[in-house]
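Read the structure below first, then the notes.
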Amino acid sequence: MPRTSLRIDGARPWWLTATQGPSSELMPLRFRSDAMVARLARWANASTTTASSDFGHFADFCFGTFGNRVKYWSTFNEPNVAVPSGYMLGTYPPGRCSQPFGSCARGDSEAEPYVATHNVILSHATAVEIYKRKYQSKQRGMIGIILYSTWYEPLRDVPEDRLAIERALAFDAPWFLDPLVYGDYPPEMRQILGGRLPSFSPEDRRKLRYKLDFIGVNHYTTLYARDCMFSSCPLGQKTQHALAAVTGERNGLPIGTPTAIPTFYVVPDGMEKMVTYIMKRYNNLPMFITENGYAQGGDSYSNVEDWLDDKDRIEYLEGYLTKLAKVIRDGADVRGYFAWSIVDNFEWLYGYTLRFGLHYVDYKTQERTPKLSAMWYKKFLQNLHEAQ
Numbered sequence: 001m002p003r004t005s006l007r008i009d010g011a012r013p014w015w016l017t018a019t020q021g022p023s024s025e026l027m028p029l030r031f032r033s034d035a036m037v038a039r040l041a042r043w044a045n046a047s048t049t050t051a052s053s054d055f056g057h058f059a060d061f062c063f064g065t066f067g068n069r070v071k072y073w074s075t076f077n078e079p080n081v082a083v084p085s086g087y088m089l090g091t092y093p094p095g096r097c098s099q100p101f102g103s104c105a106r107g108d109s110e111a112e113p114y115v116a117t118h119n120v121i122l123s124h125a126t127a128v129e130i131y132k133r134k135y136q137s138k139q140r141g142m143i144g145i146i147l148y149s150t151w152y153e154p155l156r157d158v159p160e161d162r163l164a165i166e167r168a169l170a171f172d173a174p175w176f177l178d179p180l181v182y183g184d185y186p187p188e189m190r191q192i193l194g195g196r197l198p199s200f201s202p203e204d205r206r207k208l209r210y211k212l213d214f215i216g217v218n219h220y221t222t223l224y225a226r227d228c229m230f231s232s233c234p235l236g237q238k239t240q241h242a243l244a245a246v247t248g249e250r251n252g253l254p255i256g257t258p259t260a261i262p263t264f265y266v267v268p269d270g271m272e273k274m275v276t277y278i279m280k281r282y283n284n285l286p287m288f289i290t291e292n293g294y295a296q297g298g299d300s301y302s303n304v305e306d307w308l309d310d311k312d313r314i315e316y317l318e319g320y321l322t323k324l325a326k327v328i329r330d331g332a333d334v335r336g337y338f339a340w341s342i343v344d345n346f347e348w349l350y351g352y353t354l355r356f357g358l359h360y361v362d363y364k365t366q367e368r369t370p371k372l373s374a375m376w377y378k379k380f381l382q383n384l385h386e387a388q
C-alpha cells in the first residue's frame, strides 16, 4: 500500500495541471479490477457476509488513507464485464465457465455469475455504508459505481426485437443498478431466470436502497439486438441469458463506422439514448460519463505518424460530445465527462495492440507525444471554459 499512496500523492499535481479550471476535480479513485480479481476467485463460493466484510475492510482503509485527496469514489469499475467474463465465459480471471459458454476446467455458467454479482452488489453497499457513516460528512465526497453500458437498436422493426432490446439492456447495467436503487434485480431478469437469481433478505433490501450518489457510465458503442425468445439464434451471438442476440451488422451493413474492436462502432446517437435511458430508469440520479473513446489499431498503422494523425478519434469525440450536450440540455444530470484515455495503455485481452490514448506512448522509452486529438481536445476544453 505505500506504493499506492506515493502514486496518488504524485498524481495529484499532474491531474490538476492537466485539467485545471474552476470545474475540475481529482476524479476518481476506483476500486478497480486489481482488487476485484483478488477476490473474484472466491466470491462465487464465499458467503455474502465474508465477501462484504473483506471488501468493507479494504474500502475503510482507502477512505481513511486517501479521503482527504479523493472526493469521488467508485467501488467497482465495470463489474458487469468482469463477472460474466470471469464466471460465464471464462475469458477473464478467475477463468470459470461451463459448456456451451466456454471450455474451462471448472465452473458453472448457469449459476456462478449470479452468485458473484450478488456478493459484488452487497459488498458495494457495505462500502457505501462505511463511507456515509464514518467519512462523508467530514470529507464531503460522493460514492458510486461504474458500469459498462452498450446501447441497442432493433435488428428488425418488429415487437419481438423491441422487447429483446429491453432484455439486453436489463441484463447489462441494470443488473447491478436496480438492486442499488430499488432493492431487487430487474423484473426482466426475474422473469427469465426465476430461482437462478439469488434473493435479497429484508435486511439486504434495507441496506441496498439508494446506495448511490452517482452512476458512472462507460459508453463506447451501439449494437443491434434480435429476439431469441420466440425464435432460434446462434449461441455465439447471445448476450448472457437475456434471450437476445447481438450483432453490429444488418443485411451486411454495419450499424456505424467500424473501429479496431469488432464490436465497437461509431454511433453518436447511442450516447444520447443511453444517458436518457439511465436518466429515466433511475430518476435522474447524477451521472458521470467515466469512459468514452475510440480505438486505433490494425495494419493501416505502420509508423508513429499514422498513430498521431488520429482524425477519426476527433470525429468520434466530437459526435459523442455533441449528443451528450443535447441530452444535458434536455435535463440529464450529467456532472462530468472523461475521454478514454489520456495516454495509450494496456487494453485487457488486446494487450498493447490497440491504442485509445490522446497521447501516443512509446512503450520502449515511455515517451509521450500528443496526438492530433489531444490538441483538439485541449482547444475544446478551452472554448468550453471561455463560454462559461
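According to my numbering, the sequence shown is numbered sequentially starting from 1.
Here a beta-carbon is modelled for each residue, glycine too, at the ideal position from N, C-alpha and C.
* To do: Determine, using beta-carbon pairs with one atom in the segment 194-210 and one in the segment 162-176, whether at least three such pairs fall under 8 Å.
  => No, the segment 194-210 is not in contact with the segment 162-176.
Notebook entry, point to check: Is the distance from the Cβ of I143 to the Cβ of L212 below 9 Å?
Noted result: Cβ atoms of I143 and L212: closer than 9 Å.
* Alpha-carbon spacing of T259 relative to Y92, whole angstroms -> Roughly 23 Å between the two C-alpha positions.
_Pull the bridge partners of V343 from the DSSP assignment, please._
Beta-bridge analysis with DSSP links V343 to H359.
Q99 classed as buried or exposed, judged by whether at least 16 other C-beta atoms fall within 10 angstroms:
That one is exposed.
Quick test of your reading: T276 and A325, contact by CB under 8 Å. State the CB separation rounded to the nearest angstrom.
Under the criterion of beta carbons closer than 8 Å, T276 and A325 do not qualify as touching, at roughly 13 Å.
task: Along the beta strand (DSSP E) that carries G336, what are the first and last residues, could you check?
output: Following the DSSP letters along the chain, one finds G336 inside the beta strand (DSSP E) bounded by residues V334 to Y337.
Where the beta strand (DSSP E) containing G216 begins and where it ends: Following the DSSP letters along the chain, one finds G216 inside the beta strand (DSSP E) bounded by residues F214 to N218.
Answer with buried or exposed for M371, where buried requires no fewer than 16 other C-beta atoms within 10 angstroms of its C-beta.
Reading off the sequence, residue 371 comes out as Lys, not Met. Buried: at least 16 other Cβ atoms inside 10 Å.
* Asked: Any contact of the segment 220-227 with the segment 255-271, i.e. 3+ C-beta pairs under 8 Å?
  -> At 8 Å Cβ cutoff, the stretches touch.
- request: Could you tell me the distance, in whole angstroms, from the CA atom of I278 to the CA atom of T365?
  value: Straight-line Cα distance between these residues: approximately 42 Å.
*Does the distance from the CB of S123 to the CB of T75 come in under 9 Å?*
Yes; because the gap between Cβ atoms is below 9 Å, this pair is in contact.
When we look at the beta-carbon of H57 and count the other beta-carbons within 10 Å, is it buried (16 or more) or exposed?
Taking every protein chain shown into account, the CB of H57 has fewer than 16 other CB atoms within 10 angstroms, so this residue is exposed.
Short of 7 Å in beta carbon distance, which residues of its chain neighbour P22, apart from the five on each side in sequence? Order them along the chain.
Its pLDDT being 41, under 50, P22 is placed unreliably by the model, and the measurement read from it follows with that caveat. Correct list: empty, nothing qualifies.
- prompt: Does the distance from the CB of W151 to the CB of M274 come in under 9 Å?
  reply: In contact: W151 and M274 (Cβ atoms closer than 9 Å).
ask   = Whose C-alpha, out of W175, Y337, Y294 and A127, is nearest the C-alpha of D344?
value = Of the candidates W175, Y337, Y294 and A127, the one whose C-alpha sits nearest the C-alpha of D344 is Y294.
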